[in-house]
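Undergrad: Per the numbering used here, the very first residue in the sequence shown carries number 158; after that it's consecutive. Sharing a structure, written as structure tokens. Questions coming.
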Amino acid sequence: MKTKQKTQIVKSLLRLGVFLQREGNRIVSDFGLNQQQLVVLKEIQEKGPVSQREICSELLLEKSNVSKIVGKLYSQGYITVSHSERDNRRSILTVTAKGNSILDRCMERLNQWNSEWLRPMSARELNNTVGILSRLESLHK
Numbered sequence: 158m159k160t161k162q163k164t165q166i167v168k169s170l171l172r173l174g175v176f177l178q179r180e181g182n183r184i185v186s187d188f189g190l191n192q193q194q195l196v197v198l199k200e201i202q203e204k205g206p207v208s209q210r211e212i213c214s215e216l217l218l219e220k221s222n223v224s225k226i227v228g229k230l231y232s233q234g235y236i237t238v239s240h241s242e243r244d245n246r247r248s249i250l251t252v253t254a255k256g257n258s259i260l261d262r263c264m265e266r267l268n269q270w271n272s273e274w275l276r277p278m279s280a281r282e283l284n285n286t287v288g289i290l291s292r293l294e295s296l297h298k
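Okay, structure coming up:
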């Protein structure tokens, strides 16, 4: 593959990342969240109870950024923060009922947007895209 093609792939992914973050922020702003906060909350729900370190690792976010997000989610009552019985320095995060409720509402709206945005793509195109994105993700691990 030529350098120009590789550059175009990365440029397109970066542009899509900016677009998706902007749209995500717009979609969830009505719920008092931003896109990163929603992603962290969803990850805690899916993996929880989970440590902050695991969130950083899984989402490729900086520790300081995750700490701020966790503080905001905690202050809004969306998560609980406790300490590991084995290691008091390790914070364990769990989604509350209030957090699950806001997630349900946010995900409903996001799923509607996803359906509209991806409607022009065929099932084959969607499957191919998932495969290619999964392959790209595996390259950084």
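Heads up, the beta-carbon is just placed ideally off N, CA and C, and yes, glycines get one too. In this text the structure is predicted, and so the values were computed from the model without any measurement.
For G181, collect the residues of the same chain with a Cβ closer than 6 Å to its Cβ; drop the 5 residues on either side in sequence, then sort them by chain order.
TA: Counting from 1 along the sequence shown, the entry for residue 181 is found at position 24. Around G181: Q192.
Undergrad: Identify which residue in L275, L283, L260, N271 has its Cα closest to the Cα of G189.
TA: To locate residue 189, count along the sequence shown from 1; it is residue 32. When each option's Cα is compared against that of G189, the closest is L260.
Undergrad: Measure how close the beta-carbons of L275 and L267 come, nearest whole angstrom, since I'm counting them as under 8 Å.
TA: To locate residue 275, count along the sequence shown from 1; it is residue 118. To locate residue 267, count along the sequence shown from 1; it is residue 110. No, L275 and L267 are not in contact; Cβ-Cβ is about 12 Å, not under 8 Å.
Undergrad: Who are the near neighbours of I184 in its chain, counting only those whose CB is closer than 7 Å to its CB and skipping five residues on each side?
TA: Sequence index remark: in the sequence shown, residue 184 carries index 27 (1-based). R266, L267, W270.
Undergrad: So if DSSP puts S239 in a beta bridge, which residue, or which two residues, is it bridged to?
TA: The residue you call residue 239 lines up with position 82 of the sequence shown. Per DSSP, I249.
Undergrad: Alpha carbon to alpha carbon, how far is K161 from V197? Give it in angstroms, no decimals.
TA: The sequence position of residue 197 within the sequence shown is 40, counting from 1. The sequence position of residue 161 within the sequence shown is 4, counting from 1. Going by the C-alpha atoms only, they are around 34 Å apart.
Undergrad: Going by the beta-carbon positions, is the gap between V236 and V223 smaller than 8 Å?
TA: Counting from 1 along the sequence shown, the entry for residue 236 is found at position 79. Counting from 1 along the sequence shown, the entry for residue 223 is found at position 66. According to the sequence as given, residue 236 is Ile; it is not Val. Against a cut-off of 8 Å, the Cβ pair of V223 and I236 comes out as no contact.
Undergrad: On the three-state DSSP scale, how would you describe S208?
TA: What you label residue 208 is simply residue 51 of the sequence shown in a count that begins at 1. Three-state DSSP puts S208 in a strand.
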